[in-house]
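What follows is one structure encoded as structure tokens, with my remarks underneath.
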Amino acid sequence: MAKKVAIPRGDKVTIDHGKLRVPDTPIIAFIEGDGTGPDIWRAAVRVLDAAVEQAYRGKKKIAWAEVFAGEKAQAVYGRDCPPNLLPEETLDVIREFLVAIKGPLTTPVGEGFRSLNVTLRQVLDLYVCLRPVKYFQGVPSPVKRPDRVDMVIFRENTEDIYAGIEWEQGTPECRKVVDFLQREMKVAKIRFPQTSSIGIKPVSKEGSERLIRAAIRYAIENGRRNVTLVHKGNIQKYTEG
Numbered sequence: 002m003a004k005k006v007a008i009p010r011g012d013k014v015t016i017d018h019g020k021l022r023v024p025d026t027p028i029i030a031f032i033e034g035d036g037t038g039p040d041i042w043r044a045a046v047r048v049l050d051a052a053v054e055q056a057y058r059g060k061k062k063i064a065w066a067e068v069f070a071g072e073k074a075q076a077v078y079g080r081d082c083p084p085n086l087l088p089e090e091t092l093d094v095i096r097e098f099l100v101a102i103k104g105p106l107t108t109p110v111g112e113g114f115r116s117l118n119v120t121l122r123q124v125l126d127l128y129v130c131l132r133p134v135k136y137f138q139g140v141p142s143p144v145k146r147p148d149r150v151d152m153v154i155f156r157e158n159t160e161d162i163y164a165g166i167e168w169e170q171g172t173p174e175c176r177k178v179v180d181f182l183q184r185e186m187k188v189a190k191i192r193f194p195q196t197s198s199i200g201i202k203p204v205s206k207e208g209s210e211r212l213i214r215a216a217i218r219y220a221i222e223n224g225r226r227n228v229t230l231v232h233k234g235n236i237q238k239y240t241e242g
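Per my numbering, numbering of the sequence shown is gapless, rising by one per residue and ending at 242.
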């Protein structure tokens, strides 16, 4: 595959003893995205660059390296673009430079295609979905004491439903799975088996433990007092309990 990514002048972000080491001119990959992605990116990059300029008074600056996925990858790579619209070069650059930001990505239309977002999570093993939830003064809120809202959610990102293992109702594959569940596993709880799509949510001990460890580690490093586990163990005892 022809090389299409131009690497700007700058330095790599590295990891030293589990900590990110960020140089003054870090090279950060970005995927512009599909649909509204280009419009979002043009506005976002101005804000990001201005924030860095304001924070470091010109002493630091991001060197942006565009990598390609989705419809733009198809346009850039042409016949060399893989069917899933995620070139290996894009993954190689993200792995090498460690940090990347992306816009919204389309899912190719056709049989066998999965979400590009899910594919990126799986291939790069991005197992933590980290969601800060914090109130900003002056923003209208229905919460009684929004100023007390300050939490960080760690959600599974590669296992569970995010493994993307599912079959569409009415397909031979789905009928085969339903038949196996009913005949071999004696499952009688599928309410409408003829019209039900089926999904499988694999949850491993290792996957659960590393997510919990990441949350606890974050809490310790950032002075958080509590870590709360949220689950549905009363219904799903083996995958949620």
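We treat Cβ as the ideally placed atom computed from N, Cα and C, and that holds for glycine.
Assuming residue i contacts residue j under a Cβ cut-off of 8 Å, what Cβ separation, rounded to an integer in Å, is found between them?
{"i": "Pro9", "j": "Ala64", "result": "4 Å"}
{"i": "Ala70", "j": "Leu117", "result": "6 Å"}
{"i": "Ile257", "j": "Ser198", "result": "Within the shown structure, residues of the chain are numbered from 2 to 242, placing residue 257 beyond reach of any answer."}
{"i": "Tyr78", "j": "Val119", "result": "That pair is no contact at about 21 Å."}
Quick one, which of the options has its alpha-carbon nearest residue i's?
{"i": "Gly38", "options": "Cys130, Lys238, Gln55, Thr107", "result": "Thr107"}
{"i": "Lys13", "options": "Gly200, Thr26, Lys5", "result": "Thr26"}
{"i": "Glu67", "options": "Gly34, Val150, Ile213", "result": "Gly34"}
{"i": "Lys62", "options": "Phe69, Arg47, Val140, Ala216", "result": "Arg47"}
{"i": "Ile16", "options": "Val94, Leu99, Asp40, Phe69", "result": "Leu99"}
{"i": "Ile29", "options": "Ile41, Leu212, Leu49", "result": "Leu49"}
{"i": "Ala7", "options": "Asp93, Ala51, His18", "result": "Asp93"}
{"i": "Gln237", "options": "Asn227, Val228, Val204, Asp40", "result": "Val204"}
{"i": "Arg226", "options": "Glu97, Ala216, Gln123", "result": "Ala216"}
Does the beta-carbon of residue i have 16 or more other beta-carbons within 10 angstroms, so that it is buried, or is it exposed?
{"i": "Gln138", "result": "exposed"}
{"i": "Asn158", "result": "buried"}
{"i": "Val179", "result": "buried"}
{"i": "Gln75", "result": "buried"}
{"i": "Phe31", "result": "buried"}
{"i": "Leu230", "result": "exposed"}
{"i": "Leu121", "result": "buried"}
{"i": "Leu131", "result": "exposed"}
{"i": "Tyr239", "result": "exposed"}
{"i": "Ile95", "result": "buried"}
{"i": "Leu212", "result": "buried"}
{"i": "Lys103", "result": "buried"}
{"i": "Ala52", "result": "exposed"}
{"i": "Lys233", "result": "exposed"}
Is any heavy atom in the ligand ZN found nearer than 6 Å to the beta carbon of residue i?
{"i": "Val119", "result": "Judged by which ligands are present, the structure shown has none, so any question about the ligand ZN falls away."}
List the residues that DSSP assigns as beta-bridge partners of residue i.
{"i": "Phe155", "result": "Leu131"}
{"i": "Val68", "result": "Ile32"}
{"i": "Leu21", "result": "Ile16"}
{"i": "Gly200", "result": "Glu167"}
{"i": "Ile221", "result": "Per DSSP, none; premise fails for Ile221."}
{"i": "Ile95", "result": "Paired residues: none, contrary to the question."}
Item to complete: Could you tell me whether the region 45 to 58 touches the region 86 to 97, where touching means 3 or more Cβ pairs closer than 8 Å?
Response: Touching, no, given that fewer than three Cβ pairs across the two stretches are closer than 8 Å.
Item to complete: Determine contact between the region 219 to 239 and the region 166 to 175, defined as no fewer than three beta-carbon pairs at a distance below 8 Å.
Response: No contact exists between the region 219 to 239 and the region 166 to 175.
Discussion item. Assess contact between the region 145 to 162 and the region 179 to 193, defined as three or more Cβ pairs (one per stretch) separated by less than 8 Å. Is contact present?
Written reply: No, they do not touch.
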